[in-house]
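In UniProt numbering, the protein residues as written are 1 to 270.
Don't be surprised by glycine CBs; every beta carbon is placed ideally from N, CA and C.
First up is the structure itself, then whatever we jot down about it.
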């Protein structure tokens with residue numbers, strides 16, 4: 001049986017657990033596949049996508065910093081991809097490049113393991129492609145407020161024009177207490193020199209990092225934990241969005257709880 005070929009593209013990409021996750025999905029569902037991680041230079045992203053599919057690739061996951069470029073280059077977009085303005089899942093159908101965004105459904109599915117979203121005051125740190133993918137799914141769960149804080153004010157304003165239901169704030173002017181704080185800033189950000197006050201964190205806050213690290217807490221998780229908050233990293237979101245991509249490509253929905261239990265044997269979850 002010829003194996004299906006999938007991959008994840010990003011920069012950086014060495015840390016990605018996606019190949020391992022999809023191999024666990026494949027084993028569980030008896031789908032024969034190869035899934036690789038591909039480090040792509042920023043100037044050649046579009047050509048790399050075309051080359052991947054020309055060589056027989058059947059599905060791509062897209063991660064930082066290419067999600068908005070993947071959206072732009074795709075010919076057909078799902079409704080949730082249109083809403084997000086960013087894409088993390090690509091495939092070819094009828095000779096056209098299709099795009100979806102599974103980040104939102106991945107986050108919501110994992111978050112609801114730990115908390116209800118309805119009537120919560122939510123703060124999101126960062127206004128990039130990852131944030132775009134989660135705003136509408138969060139809004140549809142009826143939170144009290146959603147505030148987005150970003151270092152670059154113009155980018156926050158641009159986001160608010162597209163998602164008028166959000167509030168925006170400069171990072172250094174953040175005030176008040178939030179029930180749920182989501183970090184969508186890259187792990188490369190130095191939270192020890194963060195512009196916002198640690199007073200943002202309160203004992204009852206759930207702090208959730210969209211990034212993950214199996215070996216040690218992410219910088220954001222470490223900061224929130226030191227403030228007495230309940231913390232979670234993005235491993236569960238990663239598995240859930242990956243399962244949605246797997247379903248799009250293969251028509252089979254894997255059991256994510258089994259995969260999460262397997263991954264937790266590798267290292268601590270949050």
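Give me the Cα-Cα distance between residue 149 and residue 173, rounded to the nearest whole angstrom. 9 Å
Using the Cα positions of residue 66 and residue 10, report the straight-line distance between them to the nearest angstrom. 7 Å
Which class does residue 150 belong to by DSSP, given the choice of helix, strand or coil? strand
What are the boundary residues of the alpha helix (DSSP H) that residue 104 is part of? 103-111
Based on the DSSP output, what are the partners of residue 72 in its beta bridges? None; residue 72 has no bridge partner.
Answer yes if the region 229-239 comes into contact with the region 250-260, meaning at least three C-beta pairs across the two stretches below 8 Å, and no otherwise. yes
Residue 6 (DSSP reduced to helix, strand or coil): strand
Run the CB neighbour count on residue 72, radius 10 Å, all protein chains shown included, and call it buried at 16 or more, exposed below. exposed
In the DSSP assignment, what are the bridge partners of residue 145? 121
What's the gap between the Cα of residue 175 and the Cα of residue 245? 37 Å
Please report the distance separating the alpha-carbon of residue 18 from that of residue 109. 18 Å
Are residue 88 and residue 103 close, meaning C-beta to C-beta below 8 Å? yes
Does the structure place the region 90-106 close enough to the region 35-46 that three or more beta carbon pairs sit under 8 Å? no
Please report how far the alpha carbon of residue 202 lies from the alpha carbon of residue 224, in whole angstroms. 9 Å
Give the C-beta separation of residue 123 and residue 181 to the nearest angstrom, bearing in mind that I take them to be a contact with Cβ-Cβ under 8 Å. 5 Å
Hey, quick one: how far does the alpha helix (DSSP H) through residue 79 stretch, first residue to last? 79-84
Distance check for residue 128 and residue 81, CA to CA, integer angstroms please. 14 Å
Classify residue 105 as buried or exposed, calling it buried when 16 or more other Cβ atoms lie within 10 Å of its own Cβ. buried
Nearest by alpha-carbon distance to residue 249: which of 57, 229, 68 is it? 57
Proximity to residue 35 [Cα-Cα], best of 5, 29, 54: 5
Going by DSSP, what residue range makes up the alpha helix (DSSP H) through residue 225? 219-226
Flag this pair as yes or no: are the beta carbons of residue 197 and residue 229 separated by less than 8 Å? no
Does residue 80 come within less than 8 Å of chain D when only Cβ atoms are used? This model lacks chain D altogether; it includes just one protein chain.
For residue 22 and residue 160, the rounded distance between their alpha carbons: 35 Å
Measure from the alpha carbon of residue 8 to the alpha carbon of each residue in 69, 154, 59, then state which is nearest. 59
Per DSSP, what kind of secondary structure is residue 27 in: helix, strand or coil? helix
Following the continuous alpha helix (DSSP H) through residue 130, name the residue where it begins and the one where it ends. 129-139
Which residues bound the beta strand (DSSP E) around residue 167? 167-170
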